[in-house]
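**Student:** From first to last, the protein sequence lines stand for chains A and B.
Just so it is clear: in the first sequence, position 43 is 43 by the working numbering, and no numbers are missing.
Just so it is clear: in the second sequence, position 108 is 108 by the working numbering, and no numbers are missing.
2 protein chains.
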Amino acid sequence: MTKHTDLNLIDAVAFAKAMADQTRQQIMKLCCCTRLTVSEITEKMAVSQPTVSHHLAILRDAGLVTIEPEGRETYYTLNQERVTACCGQIMLIFAPEEKVTETVSRALMP
Amino acid sequence: MTKHTDLNLIDAVAFAKAMADQTRQQIMKLCCCTRLTVSEITEKMAVSQPTVSHHLAILRDAGLVTIEPEGRETYYTLNQERVTACCGQIMLIFAPEEKVTETVSRALMP
DNA sequence: TTGACAAATAGACATTCGTCGATATGATTA
DNA sequence: TAATCATATCGACGAATGTCTATTTGTCAA
Numbered sequence: 001m002t003k004h005t006d007l008n009l010i011d012a013v014a015f016a017k018a019m020a021d022q023t024r025q026q027i028m029k030l031c032c033c034t035r036l037t038v039s040e041i042t043e044k045m046a047v048s049q050p051t052v053s054h055h056l057a058i059l060r061d062a063g064l065v066t067i068e069p070e071g072r073e074t075y076y077t078l079n080q081e082r083v084t085a086c087c088g089q090i091m092l093i094f095a096p097e098e099k100v101t102e103t104v105s106r107a108l109m110p
Numbered sequence: 001m002t003k004h005t006d007l008n009l010i011d012a013v014a015f016a017k018a019m020a021d022q023t024r025q026q027i028m029k030l031c032c033c034t035r036l037t038v039s040e041i042t043e044k045m046a047v048s049q050p051t052v053s054h055h056l057a058i059l060r061d062a063g064l065v066t067i068e069p070e071g072r073e074t075y076y077t078l079n080q081e082r083v084t085a086c087c088g089q090i091m092l093i094f095a096p097e098e099k100v101t102e103t104v105s106r107a108l109m110p
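1) Are the CB atoms of ILE10 of chain B and VAL83 of chain A nearer to each other than 8 Å?
2) Give the residues of chain A in contact with MET45 of chain B, contact being defined as C-beta atoms less than 7 Å apart.
3) For the segment 53–61 of chain A against the segment 13–28 of chain A, do three or more pairs of beta-carbon atoms, one drawn from each stretch, fall closer than 8 Å, so that the two count as touching?
4) At a CB-CB cut-off below 7 Å, which residues of chain A make contact with ILE93 of chain B?
5) Would you call the segment 57–74 of chain B and the segment 91–110 of chain B in contact, with 3 or more CB pairs under 8 Å?
6) Return the chain-ordered list of same chain residues with a C-beta closer than 8 Å to the C-beta of THR74 of chain A, the five sequence neighbours on each side being excluded.
7) Quick one: complete alpha helix (DSSP H) runs, 4+ long, within the segment 29–54 of chain A?
8) From the DSSP output, in three-state form, read off LEU78 of chain B for me.
9) Show which residues of chain B have a CB atom less than 8 Å away from the CB atom of ILE90 of chain A.
10) Is THR177 of chain A helix, strand or coil by DSSP?
11) Once the 5 residues before and after ILE41 of chain B are set aside, which same chain residues still bring their CB inside 8 Å of it?
12) Go ahead and pull the three-state DSSP assignment for GLU68 of chain B.
13) Please list the terminal residues of the continuous alpha helix (DSSP H) segment that includes ALA107 of chain B.
14) Using the beta-carbon count (16 or more within 10 Å), is CYS33 of chain A buried or exposed?
15) Among B:MET45, B:GLN80 and B:GLU70, which residue has its Cα nearest to the Cα of LEU59 of chain B?
Take a look at the structure:
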């Protein structure tokens with residue numbers, strides 16, 4: 001048996017880990033279709049500013065947010081394209097027999 | 001501000017938590033398009049049988065596997081439809097502006 | 001240049017999580 | 001019935017995770 005690491009799985013695991021927290025999903029929802037600073041996000045949440053920064057770093061490492069520093073503020077935006085790419089890959093791996101997966105793969109393939 | 005819990009997020013968090021482990025994703029991949037017993041899964045993995053049972057219970061609680069007891073064996077199968085439903089919901093919540101999300105929502109809506 | 005503000009980092013702490021070996025439960029077979 | 005096999009559960013342990021306060025870093029304004 002070939003003993004190689006499954007890169008597809010690794011990506012899917014990293015994506016799932018990044019999304020596996022309610023606070024992070026709240027942050028993702030907040031900056032979904034808009035640009036927000038860390039302060040603005042913190043205002044709308046029930047956790048401290050360092051905690052928000054911590055979660056944003058995790059989302060950044062997973063490629064799930066884009067970052068735009070502007071002066072002393074930093075704007076974060078959810079990377080929707082990345083979300084669809086990861087979900088599409090998960091569907092390809094774990095739901096290859098579903099019709100909708102076929103649809104998605106056709107829509108995502110360039 | 002309305003202080004209600006977001007049920008969509010809760011489902012999405014539960015799904016992500018269930019998928020946020022490499023061992024579990026390996027198990028999911030193994031029983032993706034086939035029925036496997038706990039023993040058969042354990043043989044193909046590098047962890048102990050109790051660990052496999054533990055992960056199968058987590059996947060079961062998330063609705064990601066179906067269970068068929070037969071005599072003293074138990075067959076597990078990945079629930080591909082559940083995977084697409086969860087991925088579709090995540091795309092609706094976190095990628096509402098992507099074209100592919102529109103496609104998926106149309107394909108998944110009954 | 002000094003003071004104020006925004007964000008990131010460090011360190012501490014409690015909780016959750018993944019894993020194991022040992023054991024219990026339940027079903028088949030001799 | 002007794003022995004065996006398949007699976008689940010228990011209890012323990014170390015590692016990872018989420019949160020906080022305190023502090024640092026970097027930027028703007030008085």
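Built from N, CA and C at the ideal position, the CB exists for glycine as well.
**Tutor:** According to the data block:
1) no
2) None at all; the shortest Cβ gap to chain A is about 12 Å.
3) yes
4) LYS29
5) no
6) THR37, VAL38, ILE67 and GLU68
7) 38–43
8) strand
9) MET19, VAL83 and CYS87
10) Lying before the first or after the last residue shown, residue 177 of chain A is absent from chain A, which here runs from 1 to 110.
11) ILE27, LEU30, CYS31, VAL52, LEU56 and TYR76
12) strand
13) 99–108
14) exposed
15) B:GLN80
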